[in-house]
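This report concerns only the one structure given below.
Residue numbers (my numbering), protein chains in the order written: chain A, 1 to 128; chain B, 129 to 345.
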């Protein structure tokens, strides 16, 4: 079964440049329904307001970080199974462990390439 | 002569001394710490003959300490430390902020051009379209430098601000002859995992992260 690329994808980053880059890379692999949020709080509001099939989030944001967003998502009965990929410059072992313990689906370290993004999305959506 | 109020003997010596100094400062606001130091030194010198070997050694240590403090004051004054907080650090912070703004503008321009190239793809044959997309993909990937450099610069700005705070504290202590409390250390909280980008020599790469994640499965 092919991946449903018509799904809504929420990308979360406080750098507008990164949002634009990820949006364009997603477009190149045929994910065209992309919504943006600039921090965890805005993302959580969007996730609770509309259906999404995937979240791709940065970690280092204020007022709500990507890790806090992930924890909120996993505690929300309606969102807890949401595929959630962290894309971040935080590459310390304790960060990866904290994200994994919070229930992250996969973890991409910045700077990343398009192939890594495609591979992780396919893996998370169950088509590795 | 105005007699200081008796102090409870249970207090540590340092607190008793601090209270007596505060009392003297209130009673004789015109008195300078250097004058007090001179008087104490003169009194101690008159006691010289009555001191034991250990007390004499201690006195020498105290005198050395006083000289060290005086030298530090002179060196800090010579450094014109006020310039560090008044001019150097704000200027460096402004320059770094300008770098962030300029690189963001330049990256936006590059991305806009790249998106225009992508928009041409449907009008090209398949092979050319794919080749064009390969190129724009590499440009998109490279443009993420702006995020990484932005985070690194933010870390440098935070470091500069920490230096500014500490320099200000040192200046205040020496200018006011006031041993005020050290600036509070920021509390560690959930954001302590916000380390920002690692230097290439100490960073874990994607394969390291994949292996770490796999170890949980």
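Note that the Cβ used here is the ideal one computed from N, Cα and C, for glycine as well.
Closer than 7 angstroms at the beta carbon, the chain A residues around residue 235 of chain B: Taking the first residue of the second chain as position 1, residue 235 of chain B is located at position 107. For residue 235 of chain B, the C-beta contacts it makes with chain A under 7 angstroms involve 17, in order along the chain.
Can you find a CB in chain A that lies within less than 9 angstroms of the CB of residue 325 of chain B? Here residue 325 of chain B is taken as the residue at index 197 of the second chain, counted from 1. Output row for residue 325 of chain B: interface = yes.
Output needed for residue 260 of chain B: all residues of its chain with C-beta closer than 8 angstroms, excluding positions within five of it in sequence on either side, in chain order. The residue you call residue 260 of chain B lines up with position 132 of the second chain. Once the five neighbours on either side are set aside, the close Cβ partners of residue 260 of chain B are 245, 246, 248, 249 and 252.
Exposure label - residue 197 of chain B; buried when at least 16 CB within 10 Å: Working through the second chain from its first residue, we reach residue 197 of chain B at position 69. Counting Cβ neighbours within 10 Å, residue 197 of chain B comes out exposed, since fewer than 16 surround it.
Which residues does DSSP list as the beta-bridge partners of residue 9 of chain A? Counted from its first residue, the first chain places residue 9 of chain A at position 9. For residue 9 of chain A, the beta-bridge partners assigned by DSSP are A:34 and A:54.
From which residue to which residue does the alpha helix (DSSP H) around residue 108 of chain A run? The residue you call residue 108 of chain A lines up with position 108 of the first chain. For residue 108 of chain A, no alpha helix (DSSP H) encloses it; the enclosing beta strand (DSSP E) starts and ends at 106-109.
Which bits of chain B does residue 108 of chain A rub up against, with CB to CB less than 9 angstroms? Sequence index remark: in the first chain, residue 108 of chain A carries index 108 (1-based). Per Cβ cutoff of 9 angstroms: 334 and 337.
Answer with buried or exposed for residue 85 of chain A, where buried requires no fewer than 16 other C-beta atoms within 10 angstroms of its C-beta. If you number the first chain from 1, residue 85 of chain A lands on position 85. So residue 85 of chain A counts as buried.
Considering Cα atoms alone, identify which of A:59, A:114, A:102 and A:78 is closest to residue 53 of chain A. Taking the first residue of the first chain as position 1, residue 53 of chain A is located at position 53. Closest option to residue 53 of chain A, Cα to Cα, is A:78.
Who are the neighbours of residue 232 of chain B on chain A, taking C-beta pairs under 9 angstroms? Taking the first residue of the second chain as 1, we reach residue 232 of chain B at position 104. Within 9 angstroms Cβ-Cβ: 15, 16 and 17.
CB residue 129 of chain A to CB residue 325 of chain B, shorter than 9 angstroms? Nothing can be reported for residue 129 of chain A, as the shown portion of chain A is limited to 1 through 128.
Same chain, Cβ closer than 7 angstroms to residue 228 of chain B, neighbours up to 5 away in sequence not counted: Mapped onto the second chain, residue 228 of chain B falls at position 100. 278 and 281.
CB of residue 20 of chain A to nearest heavy atom of the ligand NAD: below 8 angstroms? Only the bare structure without any ligand can be found here, which leaves the ligand NAD out of the picture.
Using beta-carbon positions only, say whether residue 36 of chain A and residue 11 of chain A come within less than 9 angstroms of one another. In the first chain, the residue the question calls residue 36 of chain A occupies position 36. In the first chain, the residue the question calls residue 11 of chain A occupies position 11. In this structure, residue 11 of chain A lies closer than 9 angstroms to residue 36 of chain A by Cβ.
Contact set for residue 83 of chain A: own chain, Cβ-Cβ below 8 angstroms, skip 5 residues either direction: The residue given as residue 83 of chain A occupies position 83 in the first chain. The residues 53, 54, 55, 105, 124 and 125, in chain order, have a CB closer than 8 angstroms to that of residue 83 of chain A in the same chain once the five nearest residues on each side in sequence are set aside.
Name, please, each residue of chain B whose Cβ falls closer than 7 angstroms to the Cβ of residue 20 of chain A. Here residue 20 of chain A is taken as the residue at index 20 of the first chain, counted from 1. Going along chain B in sequence order, the residues near residue 20 of chain A (Cβ under 7 angstroms) are 239.
8 angstroms contact criterion, which residue 59 of chain A and residue 67 of chain A should meet: CB distance rounded: Within the first chain, residue 59 of chain A is the residue found at index 59, counting from 1. Within the first chain, residue 67 of chain A is the residue found at index 67, counting from 1. Contact between residue 59 of chain A and residue 67 of chain A is confirmed by a C-beta separation of about 6 angstroms, below the 8 angstroms threshold.
Identify every residue that forms a DSSP beta bridge with residue 88 of chain A. In the first chain, counting from the first residue as 1, residue 88 of chain A sits at position 88. Per DSSP, A:109.
Rounded to whole angstroms, what's the CA-CA distance from residue 158 of chain B to residue 143 of chain B? Just pull it up for me. Walking along the second chain from the start, residue 158 of chain B turns up at place 30. Walking along the second chain from the start, residue 143 of chain B turns up at place 15. The alpha-carbon separation between residue 158 of chain B and residue 143 of chain B amounts to approximately 23 angstroms.
Would you check if the distance between the CB atom of residue 51 of chain A and the CB atom of residue 113 of chain A is smaller than 9 angstroms? Position 51 of the first chain, counted from the start, is the residue given in the question as residue 51 of chain A. Position 113 of the first chain, counted from the start, is the residue given in the question as residue 113 of chain A. Using a Cβ distance threshold of 9 angstroms, residue 51 of chain A and residue 113 of chain A do not count as a contacting pair.
Rounded to whole angstroms, what's the CA-CA distance from residue 286 of chain B to residue 222 of chain B? Just pull it up for me. Along the second chain, one-based indexing puts residue 286 of chain B at 158. Along the second chain, one-based indexing puts residue 222 of chain B at 94. Computed Cα separation, rounded: 13 angstroms.
Should residue 72 of chain A be labelled buried (16 or more other beta-carbon atoms within 10 Å of its own) or exposed? Taking the first chain and counting its residues from 1, one reaches residue 72 of chain A at position 72. Classification for residue 72 of chain A: buried.
Could you confirm whether any beta carbon from chain A is found closer than 9 angstroms to the beta carbon of residue 276 of chain B? For the purposes of this step, residue 276 of chain B is taken as the residue at position 148 of the second chain. At least one C-beta of chain A is nearer than 9 angstroms to the C-beta of residue 276 of chain B.
Using a Cβ cut-off of 9 angstroms, pull out every chain A residue sitting near residue 75 of chain B, in sequence order please. The structure shown does not extend to residue 75 of chain B, since chain B spans only 129 to 345, so no value can be given for it.
Which first and last residues belong to the alpha helix (DSSP H) in which residue 97 of chain A is found? Along the first chain, one-based indexing puts residue 97 of chain A at 97. In the DSSP assignment, residue 97 of chain A falls within the alpha helix (DSSP H) that extends over 93-102.
Straight-line Cα distance separating residue 239 of chain B from residue 268 of chain B: Sequence index remark: in the second chain, residue 268 of chain B carries index 140 (1-based). Sequence index remark: in the second chain, residue 239 of chain B carries index 111 (1-based). Residue 268 of chain B and residue 239 of chain B: Cα-Cα distance of roughly 7 angstroms.
Determine the extent of the alpha helix (DSSP H) in which residue 20 of chain A is found, giving its start and end residues. For this step, residue 20 of chain A is matched to residue 20 along the first chain. 16-28 is the extent of the alpha helix (DSSP H) around residue 20 of chain A.
Check residue 62 of chain A in the structure and name its three-state DSSP category. In the first chain, residue 62 of chain A corresponds to position 62, counting from 1. Three-state DSSP puts residue 62 of chain A in coil, outside helix and strand.
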